[in-house]
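Colleague: The structure under discussion is supplied below as structure tokens; questions concerning it will follow.
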DNA sequence: ACATAAAACTAACAAATGTTAGTTAGTTTG
DNA sequence: CAAACTAACTAACATTTGTTAGTTTTATGT
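Protein chains in written order, with our numbering: chain U, 238 to 430; chain A, 238 to 430.
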């Protein structure tokens, strides 16, 4: 099933993610999307019900992947540093498999319809809250430096969230090596001691 | 002169930057922009010549600030770590003064007209190349960890470039304290040694 | 007070947008 | 074979878009 050929709807989602990522949701018309698939705009509506829905499907799917990944990590109750390393791996893994969809999530979540947007924002808030708790626990346990947890959180998230940009630019090389280096830089810093 | 009241054109730029940052260039119509200024769309054209031009003005202005800041730092020929700290201060300073315009630069540069886009991309490439040289020199001098300079560069830039997002969310508190913490996190990492 | 410039207005345009209705050709299934 | 389904098509729709032309109001300087 997973190795099957894509359904037409999945093809549309994939192509839409690519175009939305390149130019933004609002810059891509249904005619643009259709042209990329070599059909007419109206034919898209045999498979999807609105432009809105395409965006929601793409973004909420990625949101769910992060939510599930975070849940798995939190439930494992490992060491704080290990959990941070697992979070970094989670982000790298999702980026590698869905670079375009991540771009949509980062840039086009504002254009979700109200229902989808509120679902996403809730997922994101929950995700950040779990991340924050890990950091705070690390500070209490003296495993993480005693700085403003908010600054630590967003510094880490900034790098993790924009990995899609330079991942697509550089090509994979070796994903394991990339993960190792990102872990080292984020956790140990760039300065030689 | 700098403390003078804004010209109407500057007001338009300021309001446009705010709206573009909130919803993206393509999602804001000239009627939206005009409404925010309590005038009609056509009245805008007494002050600006096109929607395109507004975006170019906003973005290239910020681009220039980064270019000039980088030039000043490179010319000073300080220690590598000092230069990195100065770069962090440069980003914080520009973000604090122009959070909306930074959002435009990050998200809407793709929608610049061809001439402006190529100017911006050149500025950005030059900026990144100078940044890369500092990192490479740091590695040679054993001041910076011996990892892929590209990964170091984009990890640092990711955090610096998205500071606008959480700066506007948190309010300034104390900019000096913020700068100090970001320097510590990026250079020393988050893990207790 | 008068002339000039600055900045607003109304009305309209051609193009582009998301979407619907109705139709047709090809494929699968009973 | 006939029925049903899939997936494409053409044509058209009401809105929204950036922008222009022409006009009127408001502010400024002599």
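For glycine and all other residues, C-beta sits at the position ideal for the given N, C-alpha and C. Just so it is clear, the structure is predicted and the values come from calculations on it, not from any experiment.
Quick check on DSSP: helix, strand or coil for residue 354 of chain A?
Modeller: helix
Colleague: For residue 309 of chain A and residue 269 of chain U, I'd like the C-alpha separation in whole angstroms.
Modeller: 44 Å
Colleague: Do the CB positions of residue 339 of chain A and residue 329 of chain A come within less than 8 Å of each other?
Modeller: The Cβ atoms of residue 339 of chain A and residue 329 of chain A lie no closer than 8 Å to each other.
Colleague: On a Cα-Cα basis, can you pick out the residue from U/346, U/373 and U/372 that is closest to residue 360 of chain U?
Modeller: Checking every option, the nearest Cα to that of residue 360 of chain U belongs to U/346.
Colleague: Can you give me the Cβ contacts of residue 386 of chain U inside the same chain, cut-off strictly under 7 Å, excluding the 5 residues immediately before and after it?
Modeller: 369, 372, 373 and 376
Colleague: Can you name the residues that DSSP bridges to residue 428 of chain A?
Modeller: U/381
Colleague: For a cutoff of 8 Å on Cβ pairs, would you count residue 362 of chain A as touching chain U?
Modeller: no
Colleague: For chain A, find out if any of its Cβ atoms is closer than 8 Å to the Cβ of residue 426 of chain U; answer yes or no.
Modeller: yes
Colleague: Would you call the stretch 298-309 of chain U and the stretch 391-403 of chain U touching, i.e. three or more CB-CB distances under 8 Å?
Modeller: no
Colleague: Check this for me: beta carbons of residue 263 of chain A and residue 264 of chain U, under 8 Å apart or not?
Modeller: yes
Colleague: Using alpha carbons as the reference points, say which of U/406, U/245, U/314 and U/302 lies closest to residue 280 of chain U.
Modeller: U/245
Colleague: For residue 428 of chain A and residue 290 of chain U, I'd like the C-alpha separation in whole angstroms.
Modeller: 42 Å
Colleague: Going along chain A in order, which residues have a C-beta closer than 9 Å to the C-beta of residue 273 of chain U?
Modeller: Around residue 273 of chain U, no beta-carbon contact reaches into chain A at under 9 Å, the shortest distance being about 17 Å.
Colleague: Establish whether the CB of residue 380 of chain U and some CB of chain A are separated by less than 8 Å.
Modeller: So yes, residue 380 of chain U belongs to the interface.
Colleague: Would you check if the distance between the CB atom of residue 349 of chain A and the CB atom of residue 296 of chain A is smaller than 8 Å?
Modeller: yes
Colleague: Give the straight-line distance between the Cα atoms of residue 285 of chain A and residue 344 of chain U, rounded to the nearest whole angstrom.
Modeller: 28 Å
Colleague: Starting from residue 404 of chain A, follow the alpha helix (DSSP H) in both directions and report where the run begins and ends.
Modeller: 400-407
Colleague: Could you check what DSSP says for residue 261 of chain U in three-state terms: helix, strand or coil?
Modeller: coil
Colleague: Run down chain U in chain order and give the residues with a C-beta less than 9 Å from the C-beta of residue 348 of chain A.
Modeller: Result: 260, 261 and 264.
Colleague: How many whole angstroms separate the CB atoms of residue 336 of chain U and residue 283 of chain U, which I take to be in contact at a CB cut-off of 8 Å?
Modeller: With 8 Å as the limit, residue 336 of chain U and residue 283 of chain U do not qualify as a contact, their Cβ atoms being about 28 Å apart.
Colleague: Checking contacts by CB at 8 Å: is residue 407 of chain A closer than that to chain U?
Modeller: yes
Colleague: Compare the C-alpha of residue 418 of chain U against each of U/287, U/396 and U/405 and name the closest.
Modeller: U/396
Colleague: Given a limit of 9 Å on CB to CB distance, which residues of the stretch 380-399 of chain A reach chain U?
Modeller: 380, 381, 382, 383, 384, 385, 387, 388, 389, 390, 391, 392, 393, 394, 395, 396, 397, 398 and 399
Colleague: When we look at the beta-carbon of residue 294 of chain U and count the other beta-carbons within 10 Å, is it buried (16 or more) or exposed?
Modeller: buried
Colleague: So, does the CB of residue 286 of chain U fall closer than 8 Å to a CB anywhere in chain A?
Modeller: Chain A, which has no Cβ nearer than 8 Å to the Cβ of residue 286 of chain U, makes this no.
Colleague: Count the other CB atoms, across all protein chains shown, that sit within 10 Å of the CB of residue 414 of chain U; report buried if there are 16 or more and exposed otherwise.
Modeller: It counts as exposed.
Colleague: Could you compute how far the alpha carbon of residue 421 of chain U sits from the alpha carbon of residue 301 of chain U?
Modeller: About 27 Å.
Colleague: Decide if residue 384 of chain A is buried, meaning its Cβ has at least 16 other Cβ atoms within 10 Å, or exposed.
Modeller: buried
Colleague: Can you name the residues of chain A whose CB is closer than 7 Å to the CB of residue 355 of chain U?
Modeller: At a beta-carbon threshold of 7 Å, none of the residues of chain A lie near residue 355 of chain U; the nearest stands roughly 17 Å away.
Colleague: According to DSSP, is residue 411 of chain U helix, strand or coil?
Modeller: coil
Colleague: What's the gap between the Cα of residue 362 of chain A and the Cα of residue 312 of chain U?
Modeller: 43 Å
Colleague: Output, in chain order, the set of chain A residues within a Cβ distance shorter than 7 Å of residue 418 of chain U.
Modeller: 384, 385 and 388
Colleague: Could you pull out every residue in the same chain whose Cβ sits closer than 6 Å to the Cβ of residue 342 of chain A, ignoring the five residues on either side in sequence?
Modeller: 296 and 299
Colleague: Please list the partners that residue 421 of chain A has in chain U, where partner means a Cβ-to-Cβ separation under 8 Å.
Modeller: Here the neighbours are 382 and 384.
Colleague: If we cut at 8 Å on Cβ distances, does residue 295 of chain A have a partner in chain U?
Modeller: Not closer than 8 Å to any Cβ of chain U, the Cβ of residue 295 of chain A fails to qualify, so no.
Colleague: So with CB distances below 7 Å, who are the chain U contacts of residue 429 of chain A?
Modeller: What residue 429 of chain A touches in chain U: 379, 380, 381 and 382.
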